[in-house]
Ligand code: FES
């Protein structure tokens, strides 16, 4: 014969301490298992980012008046507009990667003094090679899109 269930002063049956502790342990073990499974799935999904996307839109062609050389430092690119032609030139110095700035004669690096002409060719300083040119395309919505994964030959413009 088992012991009669305990009751409180109001005559309600009390849950035995042993059952309560067993239930609490079960909840703890189940919670730990669920947390383990969840963290395993979180771990399996890659969360790495590799910087900004290399393909991005910069706006409509009419936002760049003829003769414009607009540097977009956040994208490390300079948009050049000459007449109805548009190009995107890298503003990442080929020496050690500083951001070059457009100057009266082309581009100037503030770090070690490399100089580039308007096409990005090296004219002075320690830079070992010319600035890259990136492919520019016109999207169906009429915006210019730069693809930094696609380097093109220096002097290649998009007609707009
Ligand atoms: S990083 Fe531009 S000259 Fe050194």
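Numbering (our numbering), first residue to last: -6 to 153. Glycine included, each C-beta is placed from N, C-alpha and C at the ideal position.
Residue closest to residue i, alpha-carbon to alpha-carbon, out of the options
i           : options               : result
residue 50  : 150, 141, 147 and 149 : 141
residue 87  : 81, 72, 108 and 75    : 108
residue 66  : 60, 45, 56 and 77     : 45
residue 231 : 63, 6 and 98          : With the chain covering -6 to 153 only, the question about residue 231 has no answer from this structure.
Nearest-angstrom Cβ-Cβ length linking residue i and residue j, presumed shorter than 8 Å
i          : j           : result
residue 83 : residue 127 : 7 Å
Beta-carbon proximity list for residue i, same chain, < 8 Å, skipping 5 on both sides
i           : result
residue 145 : 126, 127 and 128
residue 147 : 112, 113, 114, 123 and 126
residue 26  : none
Same chain, Cβ closer than 7 Å to residue i, five either side skipped, listed in chain order
i           : result
residue 54  : 79, 137 and 153
residue 110 : 98, 99 and 116
Neighbourhood of residue i by C-beta distance below 6 Å, restricted to the same chain and skipping five residues each side
i           : result
residue 104 : 91
residue 24  : none
residue 106 : 118
residue -6  : Any reading at residue -6 must be qualified, since the residue scores a pLDDT of 46, below 50, and its modelled position is unreliable; no value is offered.
Chain C within 8 Å of residue i, Cβ atoms only
i          : result
residue 56 : You won't find chain C in this structure, because it holds only one protein chain.
Practice task
Measuring from each Cβ to the nearest heavy atom of the ligand FAD, keep the ones under 7 Å and list them in chain order.
Solution key: Absent from the structure shown: the ligand FAD. Ligands present: the ligand FES.
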